[in-house]
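Each remark here refers to the structure printed beneath this line.
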Amino acid sequence: MNLTPEVYKRMAFAKVFIDENYQERIGLSDISGSAFFSPYHFHRLFKRVYRRTPHEYLTLRRLNKAKDLLKENKPVAEVCNKVGFESLGSFSVLFKKEIGFAPQYYRNMAWQKKQSQKNQPALAIPHCFIEQYDLR
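Each step along the sequence shown adds one to the number in our numbering, with nothing skipped, and position 44 is 44.
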């Protein structure tokens, strides 16, 4: 199938559907239905347009939101549930695999960074900005 403007529009609509519903239990048939494609055809088109499968995109969206919530010092179990993962174990394993740190460790690092920025604000300001405005 050619990637006509109409197909792109429907793909974009499906991506927005994922962005707005990532925390829900959605599957390929839900996403493809939002774009009015069969699941198999939609899967191929989505990968062609976005260079990742719908499931990969959904997982990435959930993990990015999880990072934001962990930076707010939310409990890991709460974050897991809020972003749509059903199992704390699978969330933790996937988070560590994709992000490089366990969720608890990531949360602690983000909290420590925020605290150090509160205690020493100059650490959060880029060096070039400090030099340009002579803020030393």
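The beta carbon of each residue, even a glycine, is placed where N, CA and C say it ideally should be.
Bear in mind the structure is a predicted one, so any value in this text is a computation, not a measurement.
In chain order, what residues of the same chain lie with their CB nearer than 8 Å to the CB of residue i, ignoring the 5 residues before and after it?
i	result
glutamate 24	Gly84
tyrosine 50	Met11, Lys15 and Tyr57
alanine 102	Ser92, Phe95 and Lys96
Are the Cβ atoms of residue i and residue j separated by less than 8 Å?
i	j	result
leucine 58	tyrosine 106	no
valine 7	leucine 45	yes
histidine 43	leucine 28	yes
Alpha carbon to alpha carbon, how far is residue j from residue i? Give it in angstroms, no decimals.
i	j	result
proline 54	tryptophan 111	32 Å
cysteine 80	glutamate 56	17 Å
isoleucine 26	isoleucine 99	23 Å
tyrosine 133	proline 121	15 Å
tyrosine 127	serine 87	Note that residue 127 is histidine in the sequence shown, not tyrosine. Going from the Cα of histidine 127 to the Cα of serine 87 covers about 42 Å.
valine 16	leucine 94	23 Å
lysine 118	asparagine 73	15 Å
lysine 67	isoleucine 18	18 Å
arginine 52	phenylalanine 129	38 Å
aspartate 30	proline 39	9 Å
asparagine 64	glycine 89	18 Å
glutamate 20	asparagine 2	27 Å
Can you tell which of the options has its C-alpha closest to the C-alpha of residue i?
i	options	result
threonine 4	Arg48, Ile18 and Ser32	Arg48
lysine 97	Arg52, Phe17, Leu60 and Met11	Leu60
phenylalanine 37	Ala14, Glu20 and Cys128	Ala14
serine 34	Phe46, Arg10, Leu45 and Asp19	Arg10
phenylalanine 91	Val7, Ser29 and Arg62	Arg62
valine 76	Gln104, Arg51, Lys65 and Asn64	Gln104
methionine 109	Glu131, Lys71, Glu78 and Gly89	Lys71
Excluding the 5 residues preceding and the 5 following residue i in the sequence, name in chain order all residues of the same chain whose CB lies nearer than 7 Å to its CB.
i	result
lysine 82	Gln23 and Leu69
lysine 114	none
Got a sec? Which residues, its chain only, sit under 6 Å from residue i by beta carbon, not counting five neighbours each side?
i	result
serine 32	Pro39 and Phe42
query: If you scan the segment 55–121 from start to end, which runs of the alpha helix (DSSP H) of 4 or more residues do you find wholly inside it?
result: 76–82, 88–99 and 103–119
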